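**Q** All residue numbers for the sequence shown refer to our numbering, where the first residue is 53 and numbers rise by one.
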Amino acid sequence: MKKSTLKNSLIVIVSVLLGILFLSPLYIIFTNSFKTQKGIFLNVLNLPFGKYFTFKNYAEAFVQLDFFHSFLNSLLITVSSTFMIVVFASMAAWMLVRTNTKYSTFIFFLFAAAMLVPFQAVMLPLINIMGKLKLLNPVGLVFMYLGFGSSLSIILYHGFIKNIPKELEEAATIDGCNTFQVFWYIIFPLLKPITVTVSILNVMWIWNDFLLPQLVINKPEWQTIPLKMFYFFGQYSKKWNLALAGLVISMIPIVIFYVIAQKHIIKGVTDGSIK
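1) Going by DSSP in three states, Met53 sits in which element: helix, strand or coil?
2) Taking DSSP as the reference, what is the three-state secondary structure of Phe235?
3) By DSSP's criteria, Phe86 is part of a beta bridge. Which residues make up the other side?
4) In the DSSP assignment, find the alpha helix (DSSP H) that holds Gln275 and state where it starts and stops.
5) What's the C-alpha gap between Gly201 and Asn98?
6) According to the neighbour-count rule (16 or more other Cβ atoms, all chains shown, within 10 Å of its Cβ), is Ile181 buried or exposed?
7) Which partner residues of Phe105 appear in the DSSP bridge assignment?
8) If you reduce the DSSP assignment to three classes, tell me which class Ala225 lands in.
9) Ile306 to Ala113, Cα distance in whole Å?
10) Check whether the stretch 137 to 147 and the stretch 118 to 127 are in contact - that is, three or more C-beta pairs closer than 8 Å.
11) So, for Pro41: in the same chain, excluding its five sequence neighbours on each side, which residues have a beta-carbon less than 8 Å away from its beta-carbon?
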């Protein structure tokens, strides 16, 4: 009994220490975003107080970051890419499950193997090809996200669809539904739990992605929040108060989204495993 209590205490202590370790950068960023430049240089760890406390950092950073425009760019690209991934990955997974041949098995394992290929190995040839096809900036970026996001999404849909009885599709076919109608009216509504999970995972990945937009977007008016933040931080690297305020502003949308959506990720995976 004593050994069990000691073990639990050690687990709690280690968990608290790890929590402090992971939260300390957020604490430093958030507290210093409310300080003047002099207040940051005097003491990084102190809470903002007195004459060193200011809200002006956020107002100036919001304007300099052109946050509203960058937010709309990120929203447009993220929603468009996620929508295409959900539509095409769900249809592909359904056909791979229902077309039970050696070719469909090969294609499925091809998608799975694609996840092992690092992006850095294909990024330069890919950008070169997309540039020749005039598919850069938002349109090309959405198609690239569709390609890179399909593998994991198809695997998740594939595992979920295998648990859906085929008799539902046969009954719909007897009632006169064609293949398109069977999928959209019968199968796709049943995929809601895993669709939510796939959507959330892709939204968080695409929204936070920096490398692909940096390579593809060459027009300032289409810069996403991570890309805008990169140039903003470089421009204001000597003004840490503005840079940190801009960093907090850029984190707010995805943090709010994650807090709202995290329970749906767990629910989607759980539903898929027990159906």
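A virtual CB, placed ideally from N, CA and C, is assigned to each residue, including glycine. Bear in mind that the values here come from a model prediction, so they are computed numbers and not experimental data.
**A** For this structure:
1) At Met53, the pLDDT of 49 sits below 50, so the modelled position is not reliable; the number obtained from the coordinates is stated separately. DSSP places Met53 in coil when its eight states are reduced to three.
2) helix
3) DSSP lists no partner for Phe86.
4) Taken as a continuous stretch (DSSP letters only), Gln275 belongs to no alpha helix (DSSP H), as it is neither H nor E.
5) 42 Å
6) exposed
7) Lys87
8) The sequence shown places Thr at residue 225, not Ala. Three-state DSSP puts Thr225 in a helix.
9) 18 Å
10) no
11) What the structure shows of the chain is the stretch from 53 to 327, and residue 41 is not part of that stretch, so it cannot be assessed.
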